[in-house]
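Have a look at the structure below before the remarks.
2 protein chains.
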Amino acid sequence: MSLQSLTRNQSMVFDVLEKAEGPLSAYTILDRLRDQGFRAPLQVYRALDKLIEYGVVHRLESINSFVACAHPQENCHGHGTVAFAICESCGNVIEFHNHDVDHKLADWAKSRGFKAEKTTIEIRGLCENCQS
Amino acid sequence: MSLQSLTRNQSMVFDVLEKAEGPLSAYTILDRLRDQGFRAPLQVYRALDKLIEYGVVHRLESINSFVACAHPQENCHGHGTVAFAICESCGNVIEFHNHDVDHKLADWAKSRGFKAEKTTIEIRGLCENCQS
DNA sequence: AGTATAGCGTTATGTTATTACATAGATTGA
DNA sequence: TCAATCTATGTAATAACATAACGCTATACT
C-alpha cells in the first residue's frame, strides 16, 4: 500500500486525521468533510476500515476515536503491538511500541495456547504538560 | 465494599454477570432483568459504574461489554492492571495479571512523565479450544 | 425536624456503528 | 467485445451503546 493508492474518500479521511492535533471520532470526521460532499457515516467508516487495514490509522478502543499513525515512514505492522498513552486533559495521544511488553504478552498467550490476533494497549491519564 | 452492601439494582446486575458464561453488553443485561422490573438503560449503567468502582466487574473496552471479576476473593485493585484475552470465536474471556507487563508500562510512563490513571490491555484472538 | 447524600425511575436525547440495497467504474479473461 | 467480477461509492434506515435532566425516595447524620 502507498498513499498514492488511496481512493478519494480514503484520502480525504486521512487528510483530516493528519491535520488534526488529536484523535477524532468518526462523526467528527464526517462533520469536517460535509463541505466536501460527505453525507453519511458509512463513507467515513468504510474509509477508516481500509486505512486501519493499511496501518496508517489506528483506532483507540477506549475512546472510540481514530488517529493517524505517528510513525508513517515505518511500517507499524512490523513493530509489534502499537500502544497508546491518551491524556484525559488535553486529549493528546502518544503512540509507542514496547518490545518487552509485546514479548511478555506473547509469552502469556503461548502458555495458554491463545492465538492473539489483535492486541489493545491504552493508558489513559495525564501527560507531562497537564500535571501541575 | 462487600457484596452485602450492594444495593438492590447492583445485586441484580452483578448476579446476571456472575451467572453469564461470558461478557454481556449493558443492553443484554437490561433484557435479562426486564422480568424483574428493569425498564431503562440507566438502571444498568448506574449499577455497572458502581460495580466497576468496587472492582467486582470489569469493562471490556474493545467489545463494549462487561464481565464479573474472575478473581473475586482477591482484590483486583491490588494486583495492578487487569488484562484480558477475549476469544472471538466462543466469546470466553480469560482474565489475567502480569506483573512484568505492568512494570514495563510503568517504566515507559515514568520515562515520559505520564501519569497513568487507567490502563487497558485486551488481546483478541482464538482460545485454545477454538483452534482446530 | 433539617439537611446532606446516595440511589432510583422515567423520558428524552445523544453518540457510535452497521444493515441493506442500489449504482458506478475498473479489471479480467473467454 | 461481452459478461463476470471486484472494489468503491451513495443513501436511507436502523441498531447498538451511552448519557442528560428531572424529580422523587430512602437513609444517615446533627
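Read top to bottom, the protein sequences are chains A and B.
Per our numbering, numbering through the first sequence is continuous, rising by one, with the last residue being 132.
Per our numbering, numbering through the second sequence is continuous, rising by one, with the last residue being 1132.
Glycine included, each C-beta is placed from N, C-alpha and C at the ideal position.
Do you know how far the Cα of residue j is from the Cα of residue i?
i	j	result
TRP108/A	ILE1086/B	13 Å
VAL67/A	LEU48/A	10 Å
ALA70/A	LEU51/A	14 Å
HIS79/A	PHE114/A	20 Å
SER1025/B	ILE63/A	17 Å
ILE1121/B	THR120/A	6 Å
GLU1142/B	ARG1059/B	What is shown of chain B runs 1001 to 1132, which leaves residue 1142/B out entirely.
VAL1057/B	SER1065/B	10 Å
GLU21/A	LEU42/A	23 Å
ALA116/A	LEU1105/B	19 Å
LYS19/A	ARG39/A	21 Å
LEU1006/B	PHE1014/B	9 Å
GLY1037/B	GLY1125/B	37 Å
ASP35/A	PRO23/A	20 Å
ILE29/A	GLN10/A	12 Å
TYR27/A	ARG46/A	13 Å
LYS110/A	HIS103/A	10 Å
GLN1131/B	CYS90/A	42 Å
PHE1096/B	ARG1008/B	29 Å
PHE1084/B	ASN1129/B	17 Å
ARG112/A	MET12/A	42 Å
ILE1094/B	LYS118/A	15 Å
ILE1123/B	GLY55/A	18 Å
Check whether the Cβ atoms of residue i and residue j sit closer than 7 Å, and answer yes or no.
i	j	result
GLU1061/B	GLU88/A	no
VAL1101/B	VAL101/A	yes
ARG1032/B	VAL1044/B	no
CYS127/A	ASN98/A	no
Please list, in chain order, the chain B residues whose beta carbon lies closer than 7 Å to that of residue i.
i	result
PHE96/A	TRP1108
GLY113/A	GLU1128
Using DSSP's beta-bridge definition, name the partner residues of residue i.
i	result
SER210/A	This structure gives no information on residue 210/A, because the portion of chain A shown stretches from 1 to 132.
THR1119/B	ILE123/A
ALA1106/B	Paired residues: none, contrary to the question.
LEU1024/B	PHE1066/B
PHE96/A	ALA83/A
Report the neighbours of residue i on chain A: residues whose CB is nearer than 7 Å to its CB, in chain order.
i	result
SER1062/B	GLU61 and THR120
LEU1105/B	VAL101 and ILE123
Compare the C-beta of residue i against all C-beta atoms of chain B and say whether one is closer than 7 Å.
i	result
ASP15/A	no
CYS127/A	yes
ALA85/A	yes
GLN131/A	yes
Comparing the C-beta of residue i with each C-beta of chain A, is any distance below 7 Å?
i	result
LYS1019/B	no
At 8 Å on the CB atoms, spell out the chain A contacts of residue i, in chain order.
i	result
GLU1088/B	GLU117
Taking residue i as the query, report the chain A residues whose CB atoms sit under 9 Å from its CB, ordered along the chain.
i	result
ALA1070/B	The contacting residues do not exist; ALA1070/B stays about 13 Å from chain A at best.
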